[in-house]
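Below is one structure; the comments refer to it alone.
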Amino acid sequence: MIIEESIAQGSDEWRALKLGVISASGCARLVSPTGKVRTGDMPITYRRELLAERLLGASIVGRGAEGSYWTDRGVQTEPQARAWFAMHTGLTGRQVGFVWRDKGRQVGCSPDWLLEDGSPAEVKAPAPWTHLGYLLDGTVPDAYIAQVHFQIWCCGAAHGWFVSFFPALPGLCLKVERDEKWITAIETAVADCRVAMAEEYAKVEAMGVGDARAMGVASHALETNWSGPSIKDQA
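Each residue of the sequence shown is one higher than the one before, starting from 13 at the first, in the working numbering.
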């Protein structure tokens with residue numbers, strides 16, 4: 013585990029660091045909520061989004077990808093959520109920019125909080141109705157379960173956390189133990205993705221992608237407002 017301490021999540025430097033990197037936020041497109049390696053269009057599309065970033069040297073998320081009111085509010089409320097988590101559990105941690113799985117720097121994650129024992133915490137401050145759904149279900153939501161297990165694997169931790177918070181409502185704090193079945197599925201999916209990416213990268217390079225860069229084709233492609241398909245769209 014290699015920790016990037018000085019880079020702020022959401023910054024331009026952070027975005028540049030993550031270009032073409034398999035990360036926890038994309039794990040749900042490689043592994044299903046039941047811990048099965050995905051097949052079909054979803055992992056292929058994710059892989060090719062990363063491939064495009066590597067070839068173009070820039071993020072494929074366009075200018076039309078701004079967040080909603082509740083997304084922005086969640087970012088602003090996250091410090092309160094972390095404070096509630098610390099008070100509720102008695103645990104302390106710190107914010108980090110990025111955590112690399114290993115020296116290869118091809119795989120990593122951006123936990124919302126990294127605790128003193130090295131365990132990652134995924135901290136959410138969603139819209140009130142979304143938070144109530146999480147609270148009443150009492151389990152890690154399908155949209156985040158793969159991400160939490162990926163972070164546990166990436167950090168080499170014995171467990172991780174999922175936290176959901178909304179002011180004036182009860183909070184949700186779930187400890188997720190390391191599960192070797194999940195770890196095996198993640199390792200398999202990541203390995204498959206890396207091999208396929210390397211093969212496709214070589215094919216495109218052989219077609220003369222350097223010439224396309226020189227002609228400004230890459231820059232033109234990034235002027236679009238494309239923000240990528242969601243997991244829901246591809247389910």
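Every residue gets a Cβ at the ideal spot worked out from N, C-alpha and C, and that includes glycine.
Rounded C-alpha distance that separates residue i from residue j
i	j	result
residue 163	residue 120	8 Å
residue 129	residue 169	8 Å
residue 36	residue 218	30 Å
residue 76	residue 190	For residue 76, the predicted structure reports a pLDDT of 43, less than 50, and the residue's modelled location is therefore unreliable. The matter cannot be settled from this model.
residue 32	residue 205	12 Å
residue 201	residue 207	10 Å
residue 1	residue 52	Outside the shown range of the chain, which is 13 to 247, sits residue 1, and nothing can be said about it.
Three-state secondary structure (DSSP) of residue i
i	result
residue 106	strand
residue 38	helix
residue 132	strand
residue 174	strand
residue 193	helix
residue 215	helix
residue 122	coil
residue 160	helix
residue 19	coil
residue 184	strand
residue 14	strand
Close beta carbons around residue i, own chain, < 7 Å, minus the five adjacent residues each side
i	result
residue 17	108, 109
residue 124	90, 133, 134, 135
residue 193	47
residue 20	26, 109
Neighbourhood of residue i by C-beta distance below 6 Å, restricted to the same chain and skipping five residues each side
i	result
residue 176	136, 143, 146, 184
residue 139	82
residue 161	194
Supposed contact pair residue j and residue i - C-beta distance, whole angstroms, cut 8 Å
i	j	result
residue 213	residue 42	No, residue 213 and residue 42 are not in contact; Cβ-Cβ is about 18 Å, not under 8 Å.
Short Cβ contact (7 Å threshold) for residue i with residue j
i	j	result
residue 112	residue 198	no
residue 50	residue 209	no
residue 40	residue 158	yes
residue 172	residue 188	yes
residue 154	residue 45	yes
residue 106	residue 126	yes
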